[in-house]
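Asks: Structure incoming, see below.
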Amino acid sequence: MTDIVITILLGLAMLVGLAATIIPAIPDLGLILISALGYGLLVGWGENGWWLFTIIVVLGLAGQAAEMVLSGMGARRGGASWLSTFGGLAAGLIGLIVFGPLGLIAGLLLGTFLLEFARHKNADEAMRAMFGMGVGYGASFVVKFLLGLVMIAVWITWVFVK
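Below you can see the structure in the form of structure tokens.
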């Protein structure tokens, strides 16, 4: 395959990754990151490739961290204790490993609800904390989408300044 075809295919893969920031069933920023790595390996790093790839990696890691931080902040704003917040995040991680991306969402929400319900014995307070976790997780979609756009913009810069 020519460099142009590879570049186009990897660019399309990045767009799929960008779309995935709002569809939690497929990888998102990780797909953009892997596509950028593929570009470097298949087309070449060029003079500026390593620096630009490093920026893409940092942005990707920031996006993944934002998902957990914003979810936790939302839960805390909803009244969740630190234990319930971290427990909900841990349940989300376990859900992701066991059931995939939808397990992440279910684990975050259900874990937060159950821990807060056990703490307060009040479904309304547990629902508020769970709702806060959900709002925070939703906010992370916006942040990840914007970071994905920046990651792609950095990659486009890399393609043209090689």
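The opening position of the sequence shown corresponds to residue 20 in the working numbering, with each subsequent residue numbered one higher. In this text, a Cβ means the ideal position worked out from N, Cα and C, and glycines have one as well. Computed from a predicted structure; not experimentally measured.
If you draw a straight line from the alpha carbon of Ala-268 to that of Ser-54, how long is it in whole angstroms?
Replies: Residue 268 falls outside the range modelled here, since the chain spans only 20 to 181, and no answer is possible.
Asks: I need the straight-line Cα distance from Gly-93 to Phe-105, nearest angstrom please.
Replies: Approximately 12 Å between the Cα atoms of the pair.
Asks: Which of helix, strand or coil does DSSP assign to Asp-22?
Replies: Three-state DSSP puts Asp-22 in a helix.
Asks: Here's a check: name, in chain order, each residue in its chain whose Cβ is nearer than 6 Å to the Cβ of Ile-41, leaving out the five neighbours to either side.
Replies: Excluding positions up to five away in sequence, the list reads Phe-160.
Asks: Determine, using beta carbons only, whether Leu-115 and Met-87 come nearer to each other than 8 Å.
Replies: Contact flag unset, no.
Asks: How about Pro-43 and Ile-124: are their beta carbons less than 8 Å apart?
Replies: The answer is yes: Cβ separation under 8 Å.
Asks: How about the segment 126-136 and the segment 51-71: do they share at least three Cβ pairs that are nearer than 8 Å?
Replies: The segment 126-136, when compared against the segment 51-71, does not touch it at the 8 Å Cβ threshold.
Asks: Gly-79 and Ile-51 - do their beta-carbons sit closer together than 8 Å?
Replies: Yes.
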